[in-house]
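Working notes, beginning with the structure itself.
In structure tokens:
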């Protein structure tokens, strides 16, 4: 069993370090609200991942994957949320006054920990691929003679810890560079890049859902 858990942990680590919406949100919130906001977004994403693991263990994620209409609705909702966040970031840059644009916080007012946590949580919960990941991958690491429910929950906890640890490392690294990152030109470029990337991810997700 130990070998199976370690194998899953290694696989989850490889998947986690691949850049995605969660990483973009963590970087953006660290830039806007500092280490606390970045850590809150990371915690929200990890909590969402754990929630999907529980859903997978209870069979909900598998049912969602088989029910095309429900899967499409969740994907479209996730795409809409990413588009909203991307448009919000770009609008904040465009609508901000010259004084706001020159302020140390990109996009105007800083983001709070609660809002950052909510963004990270919703970003993960509205991504059904996370649930499908558990349904598709966990069976490959299930040793014989062990409870599927217990091991799926354990793997979900392992994945959440790995995701939180990786994203918190990103927060610490970004926080050390915060003085440079918050220079007006750099912060505006990063905010615009993050907004554009979120819009792109949302558009791609919506197109994939429409074609499915």
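Numbering (my numbering), first residue to last: 1 to 212.
Using N, Cα and C, we set each Cβ at its ideal position, and we do this for glycine too.
All values reported here derive from a predicted model rather than from experimental measurement.
Can you give the Cα-Cα distance for residue 173 and residue 114, rounded to whole angstroms?
To locate residue 173, count along the chain shown from 1; it is residue 173. To locate residue 114, count along the chain shown from 1; it is residue 114. Straight-line Cα distance between these residues: approximately 22 angstroms.
Would you call residue 6 buried or exposed, if buried means 16 or more other Cβ atoms sit within 10 Å of its Cβ?
Residue 6 sits at position 6 when you count from the first residue of the chain shown. Flag for residue 6 reads exposed.
Report buried or exposed for residue 261, applying the criterion of at least 16 other Cβ atoms within 10 angstroms of its Cβ.
Since the first residue of the chain shown is 1 and the last is 212, residue 261 is not available in this structure.
Taking three-plus beta-carbon pairs below 8 angstroms as touching, is the stretch 130-145 in contact with the stretch 1-17?
yes
Taking only three categories from DSSP, how would you classify residue 142?
Here residue 142 refers to the residue found at position 142 of the chain shown. Coil, per DSSP.
For the ligand HEM, any of its heavy atoms closer than 8 angstroms to the Cβ of residue 116?
The ligand HEM is not part of this structure, which contains no ligands at all.
Between which residues of its own chain and residue 16 is the CB-CB distance below 6 angstroms, once the five residues before and five after are set aside?
The residue labelled residue 16 in the question sits at position 16 within the chain shown. The answer, listed in chain order, is 162, 163 and 166.
In angstroms, rounded to a whole number, what distance separates the CA positions of residue 59 and residue 35?
On the chain shown, residue 59 is found 59 positions in, with the first residue counted as 1. On the chain shown, residue 35 is found 35 positions in, with the first residue counted as 1. Approximately 36 angstroms between the Cα atoms of the pair.
Would you tell me roughly how many angstroms separate the C-alpha atoms of residue 102 and residue 31, rounded to the nearest one?
Here residue 102 refers to the residue found at position 102 of the chain shown. Here residue 31 refers to the residue found at position 31 of the chain shown. Note that residue 102 has pLDDT 41, beneath the 50 cutoff, so the model's placement of it is unreliable and the number below is only indicative. If you take the alpha carbons of residue 102 and residue 31, they lie about 14 angstroms apart.
Spell out whether any CB of chain C is found under 9 angstroms from the CB atom of residue 80.
Among the protein chains of the structure shown there is no chain C, as only one such chain exists.
Taking all protein chains shown into account, decide if residue 156 is buried (16 or more other Cβ within 10 angstroms of its Cβ) or exposed.
As a position in the chain shown, residue 156 is number 156, starting the count at 1. Residue 156 comes out buried.
Measuring alpha carbon to alpha carbon, tell me which of 80, 76, 124 and 57 ends up nearest residue 25.
As a first step, residue 25 must be located in the chain shown, where it is residue number 25. With distances taken between Cα atoms, residue 25 lies closest to 124.
What does a CB cutoff of less than 7 angstroms around residue 170 pick up in its chain, not counting 5 residues either side in sequence?
The residue given as residue 170 occupies position 170 in the chain shown. Once the five neighbours on either side are set aside, the close Cβ partners of residue 170 are 23, 26 and 27.
Hey, out of 111, 77 and 120, whose CA is closest to residue 203's CA?
Taking the chain shown and counting its residues from 1, one reaches residue 203 at position 203. Comparing Cα-Cα distances from residue 203 to each of 111, 77 and 120, the minimum goes to 77.
Ordered along the chain, which non-local residues of its own chain (more than five positions away) have a Cβ less than 7 angstroms from that of residue 158?
The residue you call residue 158 lines up with position 158 of the chain shown. 5, 8, 9 and 12, listed in sequence order.
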